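Written below as structure tokens is the structure these notes are about.
2 protein chains.
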Amino acid sequence: MAKNFITREQNYSQWYNDLVVRADMAETSDVRGCMIIKPYGYAVWEKMQQALDKMFKDTGHVNAYFPLFIPKSYLSKEAAHVEGFAKECAVVTHYRLKASEDGKSVEVDPDAKLEEELIVRPTSETIIWNSYKKWIQSYRDLPILINQWANVVRWEMRTRLFLRTAEFLWQEGHTAHATKAEAIFEAEKMLDVYAEFAEKFMAMPVIKGVKTPNERFAGALETYCIEALMQDGKALQAGTSHFLGQNFAKAFDVRFTTKEGNQELVWATSWGVSTRLMGALIMTHSDDNGLVLPPKLAPTHVVIVPIYKTEEEYKAVCDMGRKIKEDLEKFGLSVKLDDRDTHKPGWKFAEYEFKGVPLRIAIGPRDLENNSVEVARRDTLEKESISITDLPNKVVHLLERIQENLYTKAKDFQEENTHYANDFNEFKKLIKKGGFVYAHWDGTNETEDRIKEYTKATIRCIPLNNKQEPGKCILTGNPSLQRVLFAKAY
Amino acid sequence: MAKNFITREQNYSQWYNDLVVRADMAETSDVRGCMIIKPYGYAVWEKMQQALDKMFKDTGHVNAYFPLFIPKSYLSKEAAHVEGFAKECAVVTHYRLKASEDGKSVEVDPDAKLEEELIVRPTSETIIWNSYKKWIQSYRDLPILINQWANVVRWEMRTRLFLRTAEFLWQEGHTAHATKAEAIFEAEKMLDVYAEFAEKFMAMPVIKGVKTPNERFAGALETYCIEALMQDGKALQAGTSHFLGQNFAKAFDVRFTTKEGNQELVWATSWGVSTRLMGALIMTHSDDNGLVLPPKLAPTHVVIVPIYKTEEEYKAVCDMGRKIKEDLEKFGLSVKLDDRDTHKPGWKFAEYEFKGVPLRIAIGPRDLENNSVEVARRDTLEKESISITDLPNKVVHLLERIQENLYTKAKDFQEENTHYANDFNEFKKLIKKGGFVYAHWDGTNETEDRIKEYTKATIRCIPLNNKQEPGKCILTGNPSLQRVLFAKAY
Numbered sequence: 152m153a154k155n156f157i158t159r160e161q162n163y164s165q166w167y168n169d170l171v172v173r174a175d176m177a178e179t180s181d182v183r184g185c186m187i188i189k190p191y192g193y194a195v196w197e198k199m200q201q202a203l204d205k206m207f208k209d210t211g212h213v214n215a216y217f218p219l220f221i222p223k224s225y226l227s228k229e230a231a232h233v234e235g236f237a238k239e240c241a242v243v244t245h246y247r248l249k250a251s252e253d254g255k256s257v258e259v260d261p262d263a264k265l266e267e268e269l270i271v272r273p274t275s276e277t278i279i280w281n282s283y284k285k286w287i288q289s290y291r292d293l294p295i296l297i298n299q300w301a302n303v304v305r306w307e308m309r310t311r312l313f314l315r316t317a318e319f320l321w322q323e324g325h326t327a328h329a330t331k332a333e334a335i336f337e338a339e340k341m342l343d344v345y346a347e348f349a350e351k352f353m354a355m356p357v358i359k360g361v362k363t364p365n366e367r368f369a370g371a372l373e374t375y376c377i378e379a380l381m382q383d384g385k386a387l388q389a390g391t392s393h394f395l396g397q398n399f400a401k402a403f404d405v406r407f408t409t410k411e412g413n414q415e416l417v418w419a420t421s422w423g424v425s426t427r428l429m430g431a432l433i434m435t436h437s438d439d440n441g442l443v444l445p446p447k448l449a450p451t452h453v454v455i456v457p458i459y460k461t462e463e464e465y466k467a468v469c470d471m472g473r474k475i476k477e478d479l480e481k482f483g484l485s486v487k488l489d490d491r492d493t494h495k496p497g498w499k500f501a502e503y504e505f506k507g508v509p510l511r512i513a514i515g516p517r518d519l520e521n522n523s524v525e526v527a528r529r530d531t532l533e534k535e536s537i538s539i540t541d542l543p544n545k546v547v548h549l550l551e552r553i554q555e556n557l558y559t560k561a562k563d564f565q566e567e568n569t570h571y572a573n574d575f576n577e578f579k580k581l582i583k584k585g586g587f588v589y590a591h592w593d594g595t596n597e598t599e600d601r602i603k604e605y606t607k608a609t610i611r612c613i614p615l616n617n618k619q620e621p622g623k624c625i626l627t628g629n630p631s632l633q634r635v636l637f638a639k640a641y
Numbered sequence: 152m153a154k155n156f157i158t159r160e161q162n163y164s165q166w167y168n169d170l171v172v173r174a175d176m177a178e179t180s181d182v183r184g185c186m187i188i189k190p191y192g193y194a195v196w197e198k199m200q201q202a203l204d205k206m207f208k209d210t211g212h213v214n215a216y217f218p219l220f221i222p223k224s225y226l227s228k229e230a231a232h233v234e235g236f237a238k239e240c241a242v243v244t245h246y247r248l249k250a251s252e253d254g255k256s257v258e259v260d261p262d263a264k265l266e267e268e269l270i271v272r273p274t275s276e277t278i279i280w281n282s283y284k285k286w287i288q289s290y291r292d293l294p295i296l297i298n299q300w301a302n303v304v305r306w307e308m309r310t311r312l313f314l315r316t317a318e319f320l321w322q323e324g325h326t327a328h329a330t331k332a333e334a335i336f337e338a339e340k341m342l343d344v345y346a347e348f349a350e351k352f353m354a355m356p357v358i359k360g361v362k363t364p365n366e367r368f369a370g371a372l373e374t375y376c377i378e379a380l381m382q383d384g385k386a387l388q389a390g391t392s393h394f395l396g397q398n399f400a401k402a403f404d405v406r407f408t409t410k411e412g413n414q415e416l417v418w419a420t421s422w423g424v425s426t427r428l429m430g431a432l433i434m435t436h437s438d439d440n441g442l443v444l445p446p447k448l449a450p451t452h453v454v455i456v457p458i459y460k461t462e463e464e465y466k467a468v469c470d471m472g473r474k475i476k477e478d479l480e481k482f483g484l485s486v487k488l489d490d491r492d493t494h495k496p497g498w499k500f501a502e503y504e505f506k507g508v509p510l511r512i513a514i515g516p517r518d519l520e521n522n523s524v525e526v527a528r529r530d531t532l533e534k535e536s537i538s539i540t541d542l543p544n545k546v547v548h549l550l551e552r553i554q555e556n557l558y559t560k561a562k563d564f565q566e567e568n569t570h571y572a573n574d575f576n577e578f579k580k581l582i583k584k585g586g587f588v589y590a591h592w593d594g595t596n597e598t599e600d601r602i603k604e605y606t607k608a609t610i611r612c613i614p615l616n617n618k619q620e621p622g623k624c625i626l627t628g629n630p631s632l633q634r635v636l637f638a639k640a641y
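So the protein lines, in turn, are chains A and B. Heads up: the first sequence runs through residues 152 to 641, numbered per this note's numbering. Heads up: the second sequence runs through residues 152 to 641, numbered per this note's numbering.
Structure follows, in structure tokens:
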């Protein structure tokens, strides 16, 4: 257990927050609800961006950039959409400050009031579909497959680093299609991209499904999602992909001429993941010793720590450290040699363990004699002595093993914490314990609301390819055709 | 000359705007002063970002992210800074909308007024130095070398695509140092990085210099800049790097303990380039046939256009096109095969010429017989027949030649349009003609202001390593030690 560090058992919520801050991932700013993503945290986000951006481009998408501000009247054009976002909007009303009368401060210049207020984008469907109207005339202009990397603002009242912040970073895909089938195919394809990213890069198993009408994105006909299970037994929605039907095409009057010469409304999807994934990543793998990062998203794969007493030893182990660093870098690895003589090896061990560097290599004078080094895994804390000759291959192999092990461990945890409830008492007990609970539901909003009221659990999703199995709703006893996935959630 | 396209001679300003829109780089949005960066334009910006980001990291910088919003009181802490930015700030005053009484629209909820207004960042010195205060205690915490990729907002009244927009994308470096010398060294180093990027990637020659006090960044002690000359004879400031002294450390009370145990104020720099570089790139190289892009920043290096009459020919030339594409991609080139049968070769030629793709390869049935293709350069419009066997090496070589040629052409233009004025009449004539004009200036703000009033020319910079040459100010006749660089500017 790391020194002066709270355990998950003692207080999971504080453990998470302390971990994020102490591992230098992020901190709260003095601006209400906004976070500062620190360099180490941002380096992980950059790794996520690179992997996702490549996957988006490989599936035919291109990036573009639309304005930060949305005129109030645009946001209002789609009724369900504005209903969903109106209560958490940052509103720009003026465009100038002026010196106060006493000259000691600045104040908003009342003469610089905007004719129409501008909303800081909470999401960009409206501003983008206002453009698509001009870009789309014929079936030849379709599909449009655009993604945007951007910041968005939703004025959340209760915020937590990465998980829920007033400003966050994300990507939002916005696509336009000629047919309903093509749009649904796109929404499902991007859900698959998200699931693949979560499992292969984040080593985080997810359940793919669709949201109930209650939980749909404001303006969507269907919201697909991936749901992950955190170590405290709470679920986390890690990404969503929406089939928007023709709602935004209707709101912005976006029609196209078909091959046959008819005028039809365009079909839409949107999909996004955000810096919330950082929270998911941290909570999925980390332990009471600090952060644990999967190698595919770790900014530093290997840290090399020299062990020495004399000046001569320092020189010899650092020389070997530099050689090993060069050798490993040839394999595309990111390697840090911490040769600072201002910090002791023990301090460095603790530091990199806490920051979740997947592998640590220690080199002392005796290792030089034996032509070997000590390699420690962050995930299992196991150490082994490895011959320097074999090192690059072994390190590459170990990193692969760590990536797999983290996934397997998380998958096992998810399976161990997935239960089936057959009546409401059992359901309440299981939900209290934490984890995913599969149970029958009668399909109504009312029942969903009441279950939430009684237990704080929500329907995370109706899993895709869900087993059809007739039963009775745990609350009302009304007939049900399938179990759905419940959990308390972030 | 491209069809239905205005020439630079006819109307340079309209030529630029039409070019940006017709080449699908960007367009104005319905949000006052904000632009939409379209996928093709954004792909060029991504290339710029990648190259710059690598240069920043190679010089020891890391990325991070700070809040979009700045509390009004923070912006006010540095007097010159707030003076410089107060008049062009987007101000958030409320955090919620509500349904209007008739239920037909939404309006700002007066109950959701912020206690303190938030400014959408016009630049981030204040919000960042408010954090640095917490991050810096000792000399061991220095230097801090952080960069941020972000959007910023400055409420400009007259806007032009890429060159001046209310919202723009940029990077802003913010560094903290223990000594004055180190901070000045950093500011100068980053100016060199910008100059190297401009010349090596953008193929755009620049003059490095420092701004006069009149033109300094609000809060800086010295503003370094790179200045480029556009084809209409106007100068464009392409990047700035500021030595901020201890101004922000004073405003936010950021002190550190020196090795000797004393408390001292921290020294600062900031430096930035923005999507304005896109405007500079477009204006430097493009011609009456459309966009011209240097290969190092072109999203597509080579486009392959099949020429055919029969179905059989179509199949054969497309097969060869695919093979060539694969061969070229092995050399790290980005290649597009436009095998659409919905558009004629002539249309495609015009399209890619207008979009500035550096090389076009045309393949017809006769080429297949001769085992050769026709390769056309976008910069010179020259065509040559090249044997398919030699193609990859020749293409790589041609792209290097194009990159060099664009730089040489721009450099020659700059030299031809750089003049020396010895009295005010000569100066007025030369400024009217356009271009850079070196002239003596007495070093006062008043003279600078009056010259601007009479001629619209400003001092672009006092070049670094400027030749010392005693003379007389062109306006006042007062003594001067060196010539400075004047021009009308964007």
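Idealized CB from N, CA, C, for every residue including glycine. Note that this is a predicted model, so its numbers are computed, not measured.
- With a threshold of 7 Å between beta carbons, valine 233 (chain B) makes contact with chain A.
- If only uninterrupted beta strand (DSSP E) runs of at least 3 residues are considered, those enclosed by the region 531–606 of chain B are 534–538, 569–571 and 587–591.
- Bounds of the alpha helix (DSSP H) holding threonine 277 (chain A) are 276–286.
- Residues of chain A with a Cβ closer than 7 Å to the Cβ of lysine 238 (chain B) are, in chain order, Arg247.
- Straight across, the Cα-Cα distance linking glutamate 520 (chain A) with alanine 640 (chain A) is about 54 Å.
- Counted as a single uninterrupted DSSP element, the beta strand (DSSP E) harbouring isoleucine 377 (chain B) occupies residues 373–380.
- Isoleucine 455 (chain A) and isoleucine 539 (chain A) do not touch by the CB rule: their CB atoms are close to 12 Å apart, not below 8 Å.
- Taking a 10 Å sphere around the C-beta of asparagine 629 (chain A), we find fewer than 16 other C-beta atoms and assign the residue as exposed.
- Closest option to lysine 198 (chain B), judged by alpha-carbon separation, among B:Met341, B:Leu428 and B:Asp260: B:Leu428.
- Proximity of the region 370–378 of chain B to the region 392–409 of chain B meets the contact definition, three or more beta-carbon pairs being nearer than 8 Å.
- Within chain A, the residues placing a beta-carbon under 7 Å from that of asparagine 214 (chain B) are Pro190, Tyr193 and Glu197, ordered along the chain.
- Under the Cβ distance rule, leucine 219 (chain A) counts among the residues neighbouring chain B, one pair being separated by less than 7 Å.
- Between the alpha carbons of valine 303 (chain A) and phenylalanine 319 (chain A) lies a distance of about 6 Å.
- In terms of Cα proximity to tryptophan 321 (chain B), the closest of B:Lys331, B:Arg305, B:Ile335 and B:Ala572 is B:Arg305.
- Along the region 291–319 of chain A, the positions whose C-beta sits under 8 Å from a C-beta of chain B are Arg291, Ile297, Ala301, Asn302, Val304, Trp306 and Glu318, read in chain order.
- The beta carbon of serine 538 (chain A) sits no closer than 7 Å to any beta carbon of chain B.
- Interface with chain B (7 Å Cβ-Cβ cutoff): serine 180 (chain A) is included.
- By the criterion of at least three beta-carbon pairs nearer than 8 Å, the region 356–367 of chain B is not in contact with the region 412–426 of chain B.
- Between isoleucine 187 (chain B) and chain A, the shortest Cβ-Cβ separation is below 7 Å.
- Within chain B, Asp181 have C-beta atoms less than 7 Å from the C-beta of asparagine 281 (chain A), given in sequence order.
- The region 476–490 of chain A makes contact with the region 449–468 of chain A: 3 or more CB pairs, one atom from each, lie closer than 8 Å.
- In this structure, the straight-line span from the alpha carbon of threonine 326 (chain B) to that of asparagine 214 (chain B) is close to 12 Å.
- With a threshold of 16 other beta carbon atoms within 10 Å, proline 457 (chain A) meets it and is buried.
- For the C-beta of valine 257 (chain A), the chain B residues within less than 8 Å are, from N- to C-terminus, Lys223, Leu226, Ser227, Val233 and Ala237.
- Under a criterion of Cβ atoms nearer than 8 Å, the residues of chain B adjacent to leucine 269 (chain A) are, in order, Val182 and Ala241.
- In this structure, the beta-carbon distance from arginine 272 (chain B) to aspartate 260 (chain B) does not fall below 7 Å.
- Along the region 395–425 of chain A, there is no position whose C-beta sits under 7 Å from a C-beta of chain B.
- Minimum Cα-Cα distance from lysine 351 (chain A) among the listed residues A:Asn568, A:Gln554, A:Lys331 and A:Cys624 corresponds to A:Gln554.
- Residues of chain A whose Cβ lies closer than 9 Å to the Cβ of threonine 435 (chain B) do not exist, since the nearest Cβ in that chain is about 22 Å away.
- Membership of asparagine 413 (chain B) in any beta strand (DSSP E) is not indicated, and neither H nor E is assigned to it by DSSP.
- Using a 10 angstroms sphere on the CB of glycine 184 (chain A), the tally of other CB atoms reaches 16 or more, which defines it as buried.
- The count of Cβ pairs closer than 8 Å, one atom from the region 237–252 of chain A and one from the region 237–253 of chain B, reaches three, so the stretches are in contact.
- Under DSSP, glutamate 323 (chain B) forms a beta bridge with B:Gln299 and B:Gly423.
- Between threonine 326 (chain B) and chain A, the shortest Cβ-Cβ separation is not below 7 Å.
- Checking the DSSP bridge columns, you'll see alanine 513 (chain B) partnered with B:Val456 and B:Glu525.
- Note that the C-beta distance between leucine 296 (chain A) and histidine 212 (chain A) is below 7 Å.
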